[in-house]
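Reading through the structure tokens given below for one structure.
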Amino acid sequence: MASIALFHSVLGLREVEMEAAARLRDAGHEVLLPDLFDGTKTDDLDEGFAIKAKIGWKTIRERAWTALADSPDRLVLMGISMGAGVVAEMWKLRPDVQGVLLLHGLASLPAGVCAGTPVQLHIGLNDPIFTDTELHAWKAKTVEAKLSADVFTYQNSGHYFTDITSADYSEEATARLWCRALSFLRAISR
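Here you go:
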């Protein structure tokens with residue numbers, strides 16, 4: 001099965017990420033779940049952005065890189081919301097990853113990524129953070145980079161629809177997302 005580095009959202013390492021890691025482990029995967037905010041967490045988006053600003057992107061990036069120091073060469077990078085941005089930073093340094101799994105966030109595509117890299121994106125159609133224009137531009141960049149990318153959008157779903165504590169939560173969309181994500185991980189682990 002896959003070795004996965006899972007990066008949390010701007011809200012910090014919370015129960016929703018720990019449950020995601022447990023779900024992945026139950027499916028037979030190894031999961032690295034670094035706490036990029038060093039124990040600080042919140043349920044408020046504005047507070048989350050304030051925490052991120054206080055810590056600083058450079059420190060967040062360094063913590064992520066340090067967490068990957070002993071990880072295997074064949075690694076799946078997975079990010080939830082802000083964690084997708086962390087994935088982009090780590091992908092620059094590890095362009096030969098086994099795969100990329102993005103939930104609720106777009107990752108910029110670094111130069112030099114390996115053609116054919118499997119990528120899967122899950123995003124709500126009503127996500128107020130990412131516009132249709134941004135999503136279409138991201139899709140075009142994956143084609144240009146010759147990535148093997150699948151994009152799944154979820155109707156009637158806001159930004160963080162897998163978080164049961166969020167107003168955006170959708171049980172149906174969450175179930176479909178996890179079915180697709182676990183299928184993706186099985187396929188790239190063969």
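For the sequence shown, the tail end lands on 190 under the UniProt record's numbering, and the numbers increase by one without skipping.
Every residue, glycine too, gets a C-beta built ideally from N, C-alpha and C.
When the distance is taken between beta carbons, is T153 closer than 7 angstroms to L125?
L125 is a Cβ neighbour of T153, given a cutoff of 7 angstroms.
Inter-residue Cα distance where the pair is I4 and A173:
Cα to Cα, the separation comes out at about 22 angstroms.
Quick check on G116: does DSSP put it in helix, strand or coil?
Reduced to three states, the DSSP call for G116 is coil.
Anyone know if the C-beta pair for I60 and L36 falls short of 7 angstroms?
Yes, the Cβ-Cβ distance between I60 and L36 is below 7 angstroms.
Length of the line joining the Cα atoms of residue 197 and R180:
No information on residue 197 is available, as it lies outside the stretch 1 to 190 that the chain covers here.
Given a cut-off of 7 angstroms, decide if V97 and L75 are closer than it, judged by their beta-carbon atoms.
In terms of Cβ geometry, L75 and V97 form a close pair [threshold 7 angstroms].
Residue interval of the alpha helix (DSSP H) (run including S3)
Here S3 belongs to no alpha helix (DSSP H); instead the beta strand (DSSP E) covers S3 to F7.
Are there three or more Cβ pairs, one per stretch, closer than 8 angstroms when the segment 30-48 is compared with the segment 104-117?
Verdict: no, contact absent.
For Y169, which option in A187, G158 and R176 has the closest C-alpha, if you only look at C-alpha atoms?
Selected option, being the one with the closest Cα: G158.
Excluding five sequence neighbours on each side, which residues of the same chain lie with their C-beta closer than 7 angstroms to the C-beta of F43?
It is worth fixing the name first, because residue 43 is Asp in this sequence and not Phe. Same-chain partners within the cutoff: L11 and T165.
So, is W138 buried or exposed, given that buried needs 16 or more other C-beta atoms within 10 angstroms?
Around the beta carbon of W138, a 10 Å sphere encloses 16 or more other beta carbons of the protein chains shown; the residue is thus reported as buried.
Given a cut-off of 7 angstroms, decide if H8 and G83 are closer than it, judged by their beta-carbon atoms.
Result yes, Cβ atoms of G83 and H8 sit closer than 7 angstroms.
Which one of P72, H104, D73 and D70 has the shortest CA to CA distance from V86?
Looking at the Cα atoms, H104 is the closest of the given residues.
For the segment 130-178, which segments carrying the beta strand (DSSP E) assignment without a break, of at least 3 residues, lie completely within its bounds, in sequence order?
Correct list: 148-154.
Is it buried or exposed, H136, if we count other Cβ atoms within 10 angstroms and call 16 or more buried?
Exposed, because fewer than 16 other Cβ atoms sit within 10 Å of the Cβ of H136.
If you reduce the DSSP assignment to three classes, tell me which class G99 lands in.
Assignment of G99 by DSSP, reduced to helix, strand and coil, places it in the strand class.
Since M78 sits in a beta bridge, which residues does DSSP pair it with?
Partner(s): L6 and L101.
Express the C-alpha separation of R190 and T131 in angstroms, rounding to a whole number.
For T131 and R190, the distance between alpha carbons rounds to 35 angstroms.
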